[in-house]
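S.K.:
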Amino acid sequence: MRRGFQPLERELHGARHPFERVIGAVLLVCGLLSIGTTIGIVGVLLFETAAFFRSVPISSFLGDSQWTPLFEDKHFGIWPLVAGTFLTTVIALAVAVPFGLLAAIYLSEIATMRARRILKPILEVLAGVPTVVYGYFALSFVTPLLQRVVPGLAGFNALSPGIVMGIMILPVIASLSEDAIFAVPASFREGAYALGGGKLPTIFRVVLPSAFSGIAAAVILGISRAVGETMIVAIAAGQQPRLTLDPRVPIETMTAYIVQVSLGDTPTGTIEYQTIFAVGTALFTMTLLLNLASFRLRQRVLKGGTH
Amino acid sequence: MTSAAQTAGPSADLTMKEKGALVERLFSLLSLLALFIPLVLLAVLFGDALRDALPRLDWNFLTGYPSRRPASAGILPALVGSAYLMLLTALMAIPLGVGAAIYLEEYARPNRLTQLIEINISNLAGVPSIIYGLLGLELFVRGFGLGRSLIAGAATLALLLLPMVIMASREALRTVPLSLREAGYALGADQWEVIRRVVLPMCLPGILTGIILSVARAIGETAPLITIGALTYVAFLPDSLKSPFTALPIQIFNWVSRPQAGFHVNASAGIVVLLALMLLLNGLAIFLRIRLQRRTS
Amino acid sequence: MNAFFSTARNREQPDAGPSLREKLRSEELKAWFGDAIALKGISLSIPEKAVTAIIGPSGCGKSTFVRCLNRMHEVVPGARVEGRVHLDGTDIYDPRVNPVRLRRRVGMVFQKANPFPTMSIRENVLAGLRLQGIRPGRGGELVERALTQAALWNEVKDVLDRSGSSLSGGQQQRLCIARALALEPEVLLMDEPASALDPIATQKIEELVYELKASFTIVIVTHNMQQAARISDRTAFFMLGTLIEIGDTKDVFMNPKEKMTEDYITGRFG
């Protein structure tokens, strides 16, 4: 960050170059912008959520089992949306964790250095595809395909976008897990080989347990991405908030609800307008806690060596 | 040691394959598949989309306007909207992002404030994009009274890109060795002059690469734009900063949401255009990175 | 030179005395790291149930040699070996030999103790068996035996479920020895096992080695000549990947045949 001897030189030069101070101030403002953005986000969310809770009691928000703010008979229970998010996230993880972890093991333990250098960036491509494209794939290709195999699969469902989301977050889990596995010291592996351990037992009994914190951090980050994902579910999961764990029926996630309302014409100050911020606050809180947990785990890896 | 023992070959105990050998082979195959199956799946999906899209991809499509009839719909407003949007976003994000990076790398002391800024930046990088949309909606569209306009969309996207631009610029700034800065100071230049004349020119390709990659990512962003009110059916080109607008991913989204099969074909054509643009931008970034390596080596 | 031997003489000699039967023999053993040659053709014999010390300046190939004895050298990417190593008459580099099986008979202890941090003391001792797919259950007897052999049992018998890394450096190293001994190897290779330890812990390790030679063939790499003189029966002196001299420890230290050996031992270099 600091390059050595600046305090002295600032005293020498600051005096004869007031312009320098202006530049410093301008740049400081740029730096503060990030704090400003966070304050902005929190402020905006809290402001409208507070307005929301003036009309709707928290007991209703947390207690009602229906979410129908756009209908005549209004219910404001958040749980159907949370259930939708939860369901799609779980399905995404069911795809991303096994595939991602296996891919990570392959890249760090089995692949040659050259193969790793080529394959790792190719895997990153999966993360770079715009989510609206993934959403299109989910709706137009994956759902019809699954409908042939899964009886009773509706046109909008949680299974199809869940699987596609899994593919999308796979690189996150694979890449961070791979870093964690790669960071396990050679001395552990050597110790295991010297004890007559084959490659597989060494990986599963020594390497993976040692890399556990890093892998957990990767998975939690993947969860955070899945929770915050919008377009795939907005396109393919449906707009029917439903308190269910059935992956075959239309549901609505928290993010898709915000999209649904934004597509319509919702005047400011109405309860409908406020609902998107209430949902947004719930969403923000969730991803914040998940990101924090992931960060803490990664810190633990850095400080205490592996594990 | 008897020669008989030597010619008989190693004992069974030493030559025995551990029970895990076959399992190990299978596992290697399984994990390789785990790596390739998603890639192959994606490739197949792209192939299908491309096949569907090709008949629709013609000049009329690229220069036409959306229409109620799928066959005659075009993406010109979306293309133009995206182009203006990227330009405005870059104009806002670059000075702010690079400025913040310069501040953090060159001026800031390692104190509480700096730590706070850095925590914020890494936190903001993980916030879902739709939350930025909510921020933009309340702050820019309603608060500043900009309405559902191009400038509001660009401002929102600029905030979204900021953490990325800052991180990439900091990386680029760090590649300039201390010795070069010291040389500048020794020649009597003050801090800003050293930055302006020594540091920035050296890491400019790196910063540019970071910006291009950020723009490549922004071009595909949909959720925040929908939230601030980008229109999904636009039959005109934006004519001012406060004009309503649409963008390529929004248009794709709109077409995907329609039940008619014809619109799905349009959506796939739009996707091909979008991906082509992203490929172009990424290729440009890679090209720049190679140029950069050649310069410094 | 006599000073080196005073401490050794103070200990009781084990009954059997060093056996003359050969346990390991290398024939023209060469080893490379990529294109760089580390061993230029080592031919030597290692007697059974005795301690053979390998000494020499840094980079002379002693660690590489020892790692060739349990085929750990080839685990390093780009490493290569030529030549033969006979264990009880069988060439371990025969293509039919499974290196993993070999390591059950030839165990290794490393310079820096590397107990597995995610495992308890008990689990560490049993790790070798589990890694080979054997299920020892709670393994109570086995754990006690191995830890006793490693002179660690009394210190840890009440805390077997504590993490392996909660022990002191010297204890961790003895835990690694116990871990290796749990597999009941015939040979124990030790690569500078005490170099990272304080003098008291070092002494404990040396005493342990002295006791273990009654049951195991031990090859110990050390840069500490006094240590070699104290605990070994045979000593081999390496220089730049070549074996300069090998013989009974007493002879090598009192009457070295080669000038280089004498120079090294008297501290003129390295």
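Heads up: the sequence lines are chains A, B and C, in that order. Read left to right, the first sequence gives residues 1 to 307 (my numbering). Read left to right, the second sequence gives residues 1001 to 1297 (my numbering). Read left to right, the third sequence gives residues 2001 to 2270 (my numbering). Note that CB positions come from ideal geometry on N, CA and C, so glycine has one too.
According to DSSP, what are the bridge partners of residue 2022(C)?
M.R.: 2047(C)
S.K.: Check the C-beta distance from residue 2183(C) over to residue 2104(C) and give it rounded, since I have them as a contact under 8 Å.
M.R.: With a Cβ gap of about 5 Å, residue 2183(C) and residue 2104(C) count as contacting.
S.K.: Nearest by alpha-carbon distance to residue 260(A): which of 22(A), 297(A), 81(A) and 209(A) is it?
M.R.: 81(A)
S.K.: Whose C-beta lies closer than 8 Å to the C-beta of residue 1140(B) among residues of the same chain, with five residues either side of it excluded?
M.R.: 1146, 1151, 1152, 1155, 1156 and 1228
S.K.: Please name the residue, chosen from 2215(C), 2239(C), 2071(C) and 2255(C), that lies closest to residue 2049(C) on a Cα-to-Cα basis.
M.R.: 2215(C)
S.K.: How would you list, in chain order, the residues of chain B whose beta-carbon sits under 7 Å from the beta-carbon of residue 48(A)?
M.R.: Neighbours of residue 48(A) on chain B, chain order: 1138.
S.K.: With DSSP run on the structure shown, which of helix, strand or coil describes residue 1003(B)?
M.R.: At residue 1003(B), the pLDDT of 47 sits below 50, so the modelled position is not reliable and the matter cannot be decided from this model.
S.K.: Since residue 1181(B) contacts residue 1165(B) with CB under 8 Å, what's their CB separation in whole angstroms?
M.R.: With 8 Å as the limit, residue 1181(B) and residue 1165(B) do not qualify as a contact, their Cβ atoms being about 22 Å apart.
S.K.: Just how far apart, CA to CA, sit residue 4(A) and residue 2235(C)?
M.R.: Bear in mind that a pLDDT of 49 at residue 4(A), under 50, signals an unreliable position, so the number given afterwards is only what the model happens to contain. Those two C-alpha atoms are separated by around 53 Å.
S.K.: What does the alpha-carbon distance come out to for the pair residue 2095(C) and residue 2045(C)?
M.R.: Distance between the alpha carbons of residue 2095(C) and residue 2045(C): 22 Å.
S.K.: Helix, strand or coil for residue 2005(C)? Go by DSSP, reduced to three states.
M.R.: Summary for residue 2005(C): the model assigns pLDDT 46, below 50, so the residue's position carries little reliability; its value from the coordinates is reported in the next sentence. Three-state result, residue 2005(C): helix.
S.K.: Is it buried or exposed, residue 1290(B), if we count other Cβ atoms within 10 angstroms and call 16 or more buried?
M.R.: Exposed, since its Cβ has fewer than 16 Cβ neighbours within 10 Å.
S.K.: If I measure Cβ to Cβ from residue 1063(B) and keep anything under 7 Å in the same chain, skipping five residues before and after, which residues do I get?
M.R.: 1074 and 1076
S.K.: When DSSP labels each residue in this structure, what does residue 2014(C) get in the three-state scheme?
M.R.: Because residue 2014(C) carries a pLDDT of 39, less than 50, the predicted location of this residue cannot be relied on, and no value is offered for it.
S.K.: When Cβ atoms are compared, which residues of the region 2108 to 2140 of chain C fall closer than 9 Å to chain B?
M.R.: 2132 and 2133
S.K.: Does the beta carbon of residue 205(A) come closer than 9 Å to any beta carbon on chain C?
M.R.: The beta carbon of residue 205(A) falls within 9 Å of a beta carbon belonging to chain C, placing the residue at that interface.
S.K.: Identify whether residue 14(A) lies in helix, strand or coil by the three-state DSSP scheme.
M.R.: Note that residue 14(A) has pLDDT 45, beneath the 50 cutoff, so the model's placement of it is unreliable and no number is given.
S.K.: How about residue 2133(C) and residue 2079(C): do their beta carbons lie closer than 9 Å?
M.R.: no
S.K.: Under the DSSP definition of a beta bridge, which residues are partnered with residue 2237(C)?
M.R.: 2055(C) and 2245(C)
S.K.: Return the Cβ separation of residue 2164(C) and residue 2204(C) in integer angstroms, given the expectation that the two are a contact with Cβ distance under 8 Å.
M.R.: Contact doesn't hold; Cβ gap of about 18 Å is too wide.
S.K.: Within 10 angstroms of the Cβ of residue 1233(B), are there 16 or more other Cβ atoms? Answer buried if so, exposed if not.
M.R.: exposed
S.K.: Look up residue 5(A) in the DSSP assignment and say whether it is helix, strand or coil.
M.R.: Summary for residue 5(A): the model assigns pLDDT 47, below 50, so the residue's position carries little reliability; its value from the coordinates is reported in the next sentence. Reduced to three states, the DSSP call for residue 5(A) is coil.
S.K.: May I ask you to verify whether the region 121 to 132 of chain A touches the region 53 to 61 of chain A, counting CB pairs closer than 8 Å and requiring at least 3?
M.R.: no
S.K.: So residue 1127(B) and residue 287(A) are in contact, right, with Cβ under 8 Å, and what is the actual spacing, rounded?
M.R.: 7 Å between Cβ atoms; contact.
S.K.: So with Cβ pairs under 9 Å, would you call residue 2054(C) a contact of chain B?
M.R.: no
S.K.: Which runs of the alpha helix (DSSP H) at least 4 residues long sit entirely within the region 1178 to 1239 of chain B? Give them in chain order.
M.R.: 1178 to 1186, 1191 to 1194, 1200 to 1218 and 1223 to 1228
S.K.: In whole angstroms, what separates the C-alpha of residue 2153(C) from that of residue 2120(C)?
M.R.: 14 Å
S.K.: Decide yes or no for the touch test of the region 1117 to 1126 of chain B against the region 1204 to 1215 of chain B: beta carbon pairs closer than 8 Å, at least 3 of them.
M.R.: no
S.K.: With hydrogens ignored, establish whether the beta-carbon of residue 2205(C) is closer than 8 Å to any heavy atom of the ligand FAD.
M.R.: Of the ligands one can find in the structure shown there are none, so the ligand FAD has no counterpart to examine.
S.K.: Answer with yes or no whether the minimum CB distance from residue 197(A) to chain C is below 9 Å.
M.R.: yes
S.K.: Show which residues of chain B have a CB atom less than 8 Å away from the CB atom of residue 2217(C).
M.R.: Correct list: empty, because the minimum Cβ distance to chain B is about 15 Å.
S.K.: Hey, residue 1255(B) and residue 20(A) are a contact pair by Cβ (cut 8 Å); roughly how many whole angstroms apart?
M.R.: The pair is not a contact, with the Cβ atoms about 53 Å apart (cut-off 8 Å).
S.K.: Does the CB of residue 997(B) have a neighbour CB from chain A at under 9 Å?
M.R.: Given that chain B is displayed from residue 1001 to residue 1297, the structure contains no residue 997(B) and the question cannot be resolved.
S.K.: Would you please verify whether the beta carbon of residue 2162(C) is less than 9 Å from any beta carbon of chain B?
M.R.: no
S.K.: Count the other C-beta atoms from every protein chain shown that fall within 10 angstroms of the C-beta of residue 2091(C), then say buried if there are 16 or more, exposed otherwise.
M.R.: buried
S.K.: I'd like the span of the alpha helix (DSSP H) that includes residue 1073(B), first residue to last.
M.R.: Looking at the DSSP string, residue 1073(B) is not in any alpha helix (DSSP H), and its letter there is neither H nor E.
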